[in-house]
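Colleague: One structure is given below, represented as structure tokens, and several questions about it will come after.
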Amino acid sequence: MQDTRDKFTIGRDRNCDIAIADETVSSRHAEISFLGDGRLLLTDCRSSNGTFRQLADGTEARVRQELISPLDQLRFGNVRIGVRELLEALRMKYPNFGASSSQPPRRAMRATSPRELERCECGRIKPVGEPCPGCGA
Numbered sequence: 005m006q007d008t009r010d011k012f013t014i015g016r017d018r019n020c021d022i023a024i025a026d027e028t029v030s031s032r033h034a035e036i037s038f039l040g041d042g043r044l045l046l047t048d049c050r051s052s053n054g055t056f057r058q059l060a061d062g063t064e065a066r067v068r069q070e071l072i073s074p075l076d077q078l079r080f081g082n083v084r085i086g087v088r089e090l091l092e093a094l095r096m097k098y099p100n101f102g103a104s105s106s107q108p109p110r111r112a113m114r115a116t117s118p119r120e121l122e123r124c125e126c127g128r129i130k131p132v133g134e135p136c137p138g139c140g141a
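Following our numbering, the numbering of the sequence shown begins with 5 at its first residue and continues without gaps.
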């Protein structure tokens, strides 16, 4: 059995891997799974306000369970965020995320004190109390 963690939660609950403090986001809104071949699978966890992916023409499609790309833009409730930003948030919260394979090591995910994350005024996600990697604020 491979000792890796391949699923991360997104939601309003502060125990989620990516916590989003917005009332339109369900406590456990969605999950991102890393498949063995490097693909990403997004699953809506029966959220109240839905999970959506922006299509090339600018419209949105509701996601129940769908393969996504780091280039995709998503919406959880009223919160819009890119897949790249979600991956960056996981790397900030879990420093060894993706260090040696397409899936992050399980031991790296069980940090004794995972860092809290917040959204900067510019829209990027950053560790609380640290400068933003996007705008430097």
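Think of the CB as a built atom: it goes at the ideal place given N, C-alpha and C, for glycine as much as any other residue.
(1) Go through its chain and collect everything with a Cβ distance to residue 20's Cβ below 7 Å, but skip five positions before and after it.
(2) Where does residue 60 fall in DSSP's three states?
(3) Looking at C-alpha atoms only, which residue of 90, 136 and 48 is the closest neighbour of residue 67?
(4) Go ahead and label residue 29 buried or exposed: buried means 16 or more other beta carbons lie within 10 angstroms of its beta carbon, across all protein chains shown.
(5) For residue 11, is the classification buried or exposed, using 16 other Cβ atoms within 10 angstroms of its Cβ as the cut-off for buried?
(6) If distances are taken between C-alpha atoms only, which option among 85, 27 and 58 comes closest to residue 51?
(7) Quickly, what does DSSP pair residue 97 with across the bridge? List them, please.
(8) What residues match up with residue 87 in a beta bridge as DSSP calls it?
(9) Pop quiz: residue 65 and residue 59 are said to be a contact at Cβ under 8 Å. What is the actual Cβ separation, rounded to whole angstroms?
(10) Pop quiz: residue 36 and residue 80 are said to be a contact at Cβ under 8 Å. What is the actual Cβ separation, rounded to whole angstroms?
(11) Go ahead and pull the three-state DSSP assignment for residue 35.
(12) What did DSSP end up calling residue 16 once you bin it into helix, strand or coil?
(13) Note down, in chain order, each residue of its chain lying with its Cβ closer than 6 Å to the Cβ of residue 86, except the 5 sequence neighbours on either side.
Modeller: Straight from the coordinates:
(1) 13, 14 and 32
(2) coil
(3) 48
(4) buried
(5) Exposed, by the Cβ-count rule.
(6) 27
(7) Beta-bridge pairing links residue 97 to no other residue.
(8) Note: residue 87 is not bridge-paired with any residue in the DSSP secondary-structure output.
(9) Contact between residue 65 and residue 59 is confirmed by a C-beta separation of about 6 Å, below the 8 Å threshold.
(10) About 11 Å separates the two Cβ atoms, so there is no contact after all.
(11) strand
(12) In the displayed model, residue 16 falls within coil according to three-state DSSP, outside both helix and strand.
(13) 77
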